[in-house]
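Here the sequence shown is numbered in my numbering, starting from 5 and rising by one per residue.
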Amino acid sequence: MGEHRPTAEFPRHLEALYARFPFTRSYGDDPISELRPLAPDLRHAEVAGVFASTLAIGNTTSIRGAIRRLAGLVDGDVARLVDPAWSVERGRRLRGFRHRWIRGDQLDRLAEHLSAFYAQEPSLETAFLRGLNAGGFAAGVDALARVLRGGVAGRRGRPLPRGYAALFPSPLDAGRSPSKRLTLFVRWMVRQRFPDLGVWRRVPTGELCVPLDQHVHWIAYHLGLTARRSRSWRTVEEVTESLRRIDPIDPVRYDFVLCHTGVSGDCPKERDLAICGPCSVRPDCLLWRGRRSAG
Ligand code: SF4
């Protein structure tokens, strides 16, 4: 069996999916609806974005709940997390925090690393751009991962909390991680169009890569945007290239719609006449066309 490819009409079908998509419904379900009120300026957006993306594990309801709980612990002012004068109180307030396998002591260290970074540089955009200009998007994400793992503060030699470094995988690590959470963080910071925050002005949207979560991978595979069944950085690059051919200026524009088509249940992830009938990308879908699923 040959590789599955979308039809020549796929760009038009995808555009129709985008045009009809109920953004308002899915915005309320997305973590960014918790993030936006915490982000009135660049510093707040970066700090809230780093913590929200770090917590982006599990379903959207639990992620939104985790962001809300964290915001409650800092009385709604996330910039306090990186205020050196607040470090003792921060540790006390974060101590009992837990979301899935992420613990308060890890978040406390993350805040410490960010605080050390901001003592030297005004914005994470600078660190990202250094990587981007040296080696492309993957190197930009790698630069961010290094900051968060403790590129500045970590040199002091204090042991990292258990499991800490694994929270910030890089596409340049041996495992070639898809680095979904940091890639999502960059999307939030860079894109100025809804629903993103657009506080970074020096990174072109054409450079972005898709945050490849399980929903985006599932639909991308079944629409023939990648033939890869596993999520790796190579898969991220393939899906992004497929989307870049449709919109070179803003290839990640479709990410929110592809993701929430899966999250919302709009796509049942199986051939279902009643639900698939009105689906705009049905002619391109591997399941609809009757071949086997990626599982
Ligand atoms: S045709 Fe059905 S299975 Fe395929 S993407 Fe659309 S809703 Fe999902």
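Built from N, CA and C at the ideal position, the CB exists for glycine as well.
If I measure Cβ to Cβ from residue i and keep anything under 6 Å in the same chain, skipping five residues before and after, which residues do I get?
| i | result |
| --- | --- |
| TRP204 | GLU129, MET193, VAL194 |
| LEU188 | SER57, PRO215 |
| VAL151 | PHE121, ALA131 |
| ARG296 | Confidence at ARG296 is low in this model, with a pLDDT of 47, below 50, so its placement is unreliable and the value that follows should be read with caution. Here the set comprises nothing. |
| CYS280 | ARG286, TRP292 |
| LEU118 | VAL86 |
| ASP254 | THR209 |
| TRP106 | For the record, residue 106 in the displayed sequence is Ile; it is not Trp. Result list for ILE106: empty, nothing under 6 Å. |
| PRO10 | LEU227, GLY228, ASP288 |
| LEU290 | HIS8, HIS226 |
| PRO15 | ILE250 |
| SER284 | HIS17, ALA20, LEU21 |
| GLY155 | none |
Who does residue i pair with in a DSSP beta bridge?
| i | result |
| --- | --- |
| HIS117 | Per DSSP, none; premise fails for HIS117. |
| ILE106 | HIS103 |
What residues in its chain sit with their C-beta under 7 Å from that of residue i, if we drop five residues either side in the sequence?
| i | result |
| --- | --- |
| ARG191 | ASP200, LEU212, PRO215, VAL256, ASP259 |
| ALA52 | LEU39, LEU42, ALA43, VAL82 |
| ASP146 | GLY135, SER174, PRO175, LEU176 |
| ASP112 | ARG94, GLY95, LEU98 |
| LEU148 | LEU128, ALA131, PHE132, LEU186 |
| TYR22 | TYR258, VAL261 |
| ARG104 | ILE61, GLY62 |
| ALA142 | PRO175, LEU176, TRP237 |
Using 10 angstroms around the beta-carbon of residue i, count the other beta-carbons present and answer buried if the total reaches 16, otherwise exposed.
| i | result |
| --- | --- |
| ILE67 | buried |
| ALA123 | exposed |
| GLY108 | buried |
| THR239 | buried |
| GLN196 | exposed |
| ARG162 | exposed |
| PRO252 | exposed |
| GLU3 | This structure does not reach residue 3, given that the chain is present from 5 up to 299, and the question cannot be answered. |
| VAL92 | exposed |
| GLY299 | Model confidence at GLY299 stands at a pLDDT of 39, short of 50, so the residue's coordinates are unreliable; what they give is reported in the following sentence. So GLY299 counts as exposed. |
| SER234 | exposed |
| LEU277 | exposed |
| ASP34 | buried |
| PHE198 | exposed |
| ALA12 | exposed |
| GLU50 | buried |
| GLU116 | buried |
Just to check, is the beta-carbon of residue i closer than 6 Å to a non-hydrogen atom of the ligand ZN?
| i | result |
| --- | --- |
| THR64 | Among the ligands in the structure shown, the ligand ZN does not appear; only the ligand SF4 can be found there. |
Excluding sequence positions up to five away, which residues of its chain have a Cβ less than 8 Å from the Cβ of residue i?
| i | result |
| --- | --- |
| ARG102 | GLY108 |
Next item on the list: Kindly provide the ranges of any alpha helix (DSSP H) runs that are 4 or more residues long and lie completely inside the segment 13 to 38, ordered along the chain.
Entry: 14 to 24, 27 to 33
Notebook entry, point to check: Which residues have their C-beta within less than 5 Å of a heavy atom of the ligand SF4, listed in chain order?
Noted result: CYS271, CYS280, CYS283, ARG286, CYS289, LEU291, TRP292
Next item on the list: Would you mind listing the beta strand (DSSP E) stretches within the segment 155 to 192 that are 3+ residues and don't spill past its ends, in chain order?
Entry: None, since the segment 155 to 192 contains no complete beta strand (DSSP E) of that length.
Next item on the list: List in chain order: all unbroken alpha helix (DSSP H) runs of 4+ residues lying wholly within the segment 115 to 149.
Entry: 128 to 139
Note to self: Runs of 4 residues minimum, wholly inside the segment 181 to 257: which ones carry the alpha helix (DSSP H) assignment?
What the structure shows: 184 to 194, 218 to 226, 237 to 250
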